[in-house]
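Going by the working numbering, the sequence shown opens with residue 9, and the numbers climb by one from there.
Note that the Cβ used here is the ideal one computed from N, Cα and C, for glycine as well.
Only a predicted model underlies this, so the values are computations on that prediction, with no experimental measurement involved.
Notes for the one structure printed next.
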Amino acid sequence: MVTRISATTPPNLERKPKAPSCAMVVFGASGDLSRRKLIPAMHQLFAGGSLSEHFAIVGVARRQTSSEQFRRDMHQAVAERRGDENFDTATWERFDDSLEYVPGEFADPATYVRLSETLERLDHERGLQGNRLFYLATPPTEFECILNRLSEAGMLRPPHHSPWTRVIIEKPFGRDLESARHLNAMLATVLDESQIFRIDHYLGKETVQNILVLRFANAIFEPIWNRRYVQYVEICAAEEIGVGSRGHFYEQTGILRDIVQNHMLEVLALTAMEPPITATADDIRTEKLKVLNALRDLTADQIEQDVVLGQYRGYRQEPNVSPASTTPTYAALRVFVDNWRWQGVPFYLHAGKKLPSRVTEVSLHLQPVPLRLFGSRDECRSVESNVLTMRIQPNEGISLRFESKIPGHEMAIGTVAMDMDYVETFGGEPAEAYERLLLDAMRGDATLFSRRDAVESSWTWITPIIQHFERNPPRDFPNYDPGTWGPSRARQLIERDR
Ligand code: BG6
């Protein structure tokens, strides 16, 4: 239990202004991401007063439907997301008005003519001042075509220009180093880096941002945050769900591209980085880049030893999945960061679908005490090492595990924990990651978005691993039962250095 000590609004809390007037254009608006995340996040921002009153959302997709039907669909999506008791019809009715829909093929120039006309009309009707945030929530294969058409239609204005134009690109950003480089090079022909927002929604999570605060706003942790005190680090992203209806997407992605290349490496970079000079976007992103550049490359033999892939039983029977699929749905990796701070400390990454529970967390396991001072009597034998855990989700919080004397006449030792729980401490669930990220993109703050060099660096490290398994697909797939913690070989990998 942690008591919150600061006042309700700490004096040093910088109140950021509302988002500026703008139109958000969502390509792929009839898709899952739009229904489940983007529109509900915009609705929440609106309800919380974070949007300007001069805003509009324009959905673009192939589906032939009207703006009225789009509003009805989004109404249903947001109502489902909020649940009956949290859904406020009056707020929806004010929000509803801001939604428009433009049907059309992404490759067809006529789509962009209609889009441009709609945006100009909305500029007049709603006072949007011409500012545009384009969100590419489509499969990656469409990115290049959409950007070229937007450019040809004169809709991508130069940087540092008023009104502004920004583009958010959904992950996965490419499928290997070559395609990521190609996409980056293509983007650079139509936009400036300052206009490109490569999204990784993990960075929008309160608890992921709190890794920086825990490390750099406290004096107590930083001195032990290195190879002298840390024995190993574990980063886990376990999900209970399987691939569900996303079989087609997942077959082309797999866990290494879907979770490891982006979410896990972002969390690893925040955990391992040096203190930045300032908290500005570029200083933070430069420090993260240095960690990615320091990831130790793995030879083919090391890949076989230090990377374990898995596929859950039943994956091959999911819709749109090949009956002979070799796509991994689980990965465990032993990774080293070759720099002064972390030399020799293994970072274990494990992520998977259809595991027993949803847990995303980072744990620093500290070195054992140097001397078993309390003798070798039974009750003292099991002195455990300290573990600092940052629980990213669910039960968001931080806990420190340490040893304590068990009350009584004997010298008995037991493991206890100090625990900080977000909901208990601050009240209310942490906001959805997309809310923060959309707001930051509208405000032009790129701190929580991936920079070109970092994306290429993470692909540089992971592409040989992906290619190794594409050339030598695991022969034991499927190799774990749903509801278990992955293949047994993965457990051995993690236990090897303990
Ligand atoms: C997405 C992946 O990026 O992250 C999904 O494509 C995964 O496969 C999801 O389920 C997990 O996100 P969260 O926020 O639920 O942990």
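For Tyr338, the uninterrupted beta strand (DSSP E) segment begins and ends at Tyr338 to Phe344. Taking the Cβ of Asp40 as the reference point, every heavy atom of the ligand BG6 lies at 7 Å or farther away.
Inclusion of Phe114 and Thr146 in the CB contact set at 8 Å is warranted, their separation being smaller than that value.
Around the C-beta of Glu503, fewer than 16 other C-beta atoms lie within 10 Å, and the residue is accordingly described as exposed. With fewer than 16 other Cβ atoms inside 10 Å of its own Cβ, Ile228 counts as exposed. Relative to the non-hydrogen atoms of the ligand BG6, the Cβ of Gln401 comes within a distance shorter than 7 Å of at least one. Here Glu108 is bridged, per DSSP, to Val66. Non-local beta-carbon contacts of Thr337 in its own chain, meaning distances under 8 Å to residues more than five positions away in sequence, involve Gly250, Val251, Tyr258, Gly262, Ile263, Gly318, Gln319, Tyr320, Tyr323, Gly360, Lys361 and Lys362 in chain order. Annotated three-state conformation of Phe355 is strand, per DSSP.
Shown here, Leu456 sits in coil according to DSSP, grouped into three states, outside any helix or strand. With a cutoff of 8 Å on beta-carbon distance, Val345 and Cys244 are scored as not near each other.
Note that the stretch 59-73 touches the stretch 123-142; at least 3 beta-carbon pairs, one per stretch, sit closer than 8 Å.
Sequence-distant partners of Glu274 (beyond 5 residues in either direction) whose C-beta falls short of 8 Å from its own C-beta, in its chain, are Asp208, Tyr210, Leu211, Val216, Lys296 and Ser458. Taking C-alpha positions only, Arg140 is separated from Thr173 by approximately 5 Å.
Counting along the chain, the unbroken alpha helix (DSSP H) around Leu123 starts and ends at Pro117 to Arg134. Taken atom to atom, the span from the alpha-carbon of Trp348 to that of Tyr237 is near 13 Å.
About 6 Å separates the beta carbon of Val391 from that of Val377, a gap short enough to meet the 8 Å contact definition. A direct Cα-to-Cα measurement between Thr492 and Arg409 gives close to 25 Å. Shortest gap from the CB of Thr368 to any heavy atom of the ligand BG6: under 7 Å. Exclusion of Lys24 from the 7 Å shell around the ligand BG6 follows from its C-beta lying no nearer than that to any non-hydrogen atom of the ligand. Between Trp469 and Gly182, the C-beta spacing is not below 8 Å. DSSP, read as helix, strand or coil, puts Glu392 in coil. Not one heavy atom of the ligand BG6 falls within 7 Å of the beta-carbon of Glu274. Taking 3 residues as the minimum length, the beta strand (DSSP E) runs contained wholly in the stretch 368-443 are 395-401, 405-414 and 420-429, in order along the chain. Residue environment analysis places Asp266 among the buried positions, since at least 16 neighbouring C-beta atoms fall within 10 angstroms of its C-beta. By the beta-carbon neighbour count (other beta carbons within 10 angstroms, threshold 16), His169 is exposed. Annotation for Arg497: Val316 place their beta carbon closer than 7 Å to its own, counting only its chain and skipping 5 residues before and after. For Ala246, the uninterrupted beta strand (DSSP E) run begins and ends at Val238 to Ala246, by DSSP.
Looking at the DSSP output, Tyr488 sits in a beta bridge with Tyr320.
The shortest C-alpha to C-alpha distance from Pro402 to any of Ile414, Asp429, Ile473 and His417 is the one to Asp429. Between Gly112 and Val68, the CB-CB gap stays under 8 Å. Boundaries around Tyr143 are those of the beta strand (DSSP E), Arg140 to Leu144, since no alpha helix (DSSP H) includes it. In this structure, the CA atom of Pro495 is about 30 Å from the CA atom of Asn301. Between Leu123 and Leu446, the alpha-carbon positions lie close to 21 Å from each other. One thing to note: Ser393 has its Cβ no nearer than 8 Å to the Cβ of Gln500. For Met272, DSSP records no beta bridge to any residue.
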